[in-house]
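Novice: Okay, handing you the structure first.
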Amino acid sequence: MKLSKSTTFITLQCFFLISPLAFGDDIITDSSFLFHICSSFDNYTSNSPYASNLNQALDQLISNSPPSGFGLSSVRKDDDLQNQVNGLALCRGDVSSADCKNCVATASQEIQERCPNRKGAAIWYDFCLLKYSNTKFFGKIDNRNKFYMWNLQERDDEPEVFNKQVKRLLISLSEKVEGTKNLYVIGEVEMRTKGMEKLYGLVQCSRDLSSNACKKCLQIAIGELPNCCNDKIGGRVVGGSCNFRYELYPIVDAQK
Ligand SMILES: *[C@@H]1O[C@H](CO)[C@@H](O)[C@H](O)[C@H]1NC(C)=O
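In structure tokens form, the structure reads like this:
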């Protein structure tokens, strides 16, 4: 797995590549690590108020997110707004609360190892997203923490038709989020090709977003299809507020 290490203060978008080999079924499990971004350049010191608020915020997320698959926490002492820590945890819509808890617990440990002393960071797994910051981000579309993943294999059979079908499926899924409780939608379509091929898709937003903002977030992500996934047989745009994924195989159990 190759990661681009360079992030700048202006754009924290990161782009990286996962080879089909690294994605082989027997090599990784669904709970695997995807990516992390140390999103703040400000640091806190050990044993400071920020450090203790962060610990508390992460503990709260580990206990309050698993039942519903989503949680927020804001921790500060009295009026000490400067040291307020805001955290968010989101599990993939189909993940059990036990798996969710494991994922969030692992994430809170690893985020501190990968971004030691940073005042803001985000970490993604197949099963969950965890992020925290000293700025209050709840309810806002996160345009900064974002990365792409794609299958190296390209579609040789009518790639333009394939690209259009991918886009159409993802748009139709994103239009369904409004009616859902957890802003999570999966779906599949028969491909208009020779065989019995099916295209599978998944879209999800963080539940601090309104359903309108969720749709907007997904529209922006889907708009990035040409940059991320042109002609690719599988791909994802993954952000701090929403993400999509499409594959030629079932992504979650409910699609099997
Ligand atoms: C915070 O720590 C990182 C890693 O040690 C360092 O690169 C960065 O310059 C620090 N930021 C500030 C504002 O000092």
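Count the sequence shown with mature numbering (1 follows the signal peptide of the UniProt record, and there is no 0) and you get residues -24 to -1, 1 to 232, in order. Virtual Cβ for every residue (Gly too), placed ideally from N, Cα, C.
Going by alpha carbons, who is nearest to Leu64 out of Asn93, Trp126 and Gln32?
Specialist: As a working mapping, residue 64 is identified with position 88 in the sequence shown. Ranking the options by Cα distance to Leu64, first place goes to Gln32.
Novice: How long is the line joining the alpha carbons of Glu134 and Leu10, rounded to whole angstroms?
Specialist: For the purposes of this step, residue 134 is taken as residue 158 along the sequence shown, with counting starting at 1. For the purposes of this step, residue 10 is taken as residue 34 along the sequence shown, with counting starting at 1. The straight-line gap from Cα to Cα measures roughly 30 Å.
Novice: So which residues put a beta carbon under 7 Å from any heavy atom of ligand 1, going in chain order?
Specialist: Phe17, Asp18, Asn19, Asn93 and Arg94
Novice: With contact counted as at least three CB pairs below 8 Å, one residue from each stretch, are the stretch 97 to 111 and the stretch 50 to 66 in contact?
Specialist: yes
Novice: By alpha-carbon positions, which one of Ala189, Leu146 and Asn206 ends up nearest to Leu178?
Specialist: One-based indexing of the sequence shown puts residue 178 at position 202. Leu178 has its Cα closest to that of Leu146, out of Ala189, Leu146 and Asn206.
Novice: Taking 9 Å as the threshold (C-beta atoms), are Leu185 and Cys193 in contact?
Specialist: Position 217 of the sequence shown, counted from the first residue, corresponds to residue 193. Position 209 of the sequence shown, counted from the first residue, corresponds to residue 185. Yes, the Cβ-Cβ distance between Cys193 and Leu185 is below 9 Å.
Novice: For Tyr160, name the three-state secondary structure that DSSP assigns.
Specialist: Reading the sequence shown from its first residue, position 184 is the one you call residue 160. Looking at Tyr160 - three-state DSSP - the assignment turns out to be strand.
Novice: Tell me the rounded alpha-carbon separation between Ala197 and Phe220.
Specialist: One-based indexing of the sequence shown puts residue 197 at position 221. One-based indexing of the sequence shown puts residue 220 at position 244. The alpha-carbon atoms of Ala197 and Phe220 are separated by roughly 8 Å.
Novice: From which residue to which residue does the alpha helix (DSSP H) around Glu89 run?
Specialist: Taking the sequence shown and counting its residues from 1, the one referred to as residue 89 is at position 113. It spans Ser73 to Arg90 - the alpha helix (DSSP H) in which Glu89 sits, taken as one unbroken run.
Novice: One question on the structure: do Gly211 and Met125 come within less than 9 Å of each other, judged by their Cβ atoms?
Specialist: The residue labelled residue 211 in the question sits at position 235 within the sequence shown. The residue labelled residue 125 in the question sits at position 149 within the sequence shown. Contact: yes.
Novice: What do you get for Phe46, buried or exposed, if any count of 16 or more other CB atoms within 10 angstroms of its CB means buried?
Specialist: In the sequence shown, the residue the question calls residue 46 occupies position 70. So Phe46 ends up on the buried side.
Novice: What does the Cβ neighbour count give for Asn23, buried or exposed, with the cut at 16 atoms within 10 Å?
Specialist: Residue 23 sits at position 47 when you count from the first residue of the sequence shown. Classification of Asn23: exposed, given that the 10 Å Cβ count is below 16.
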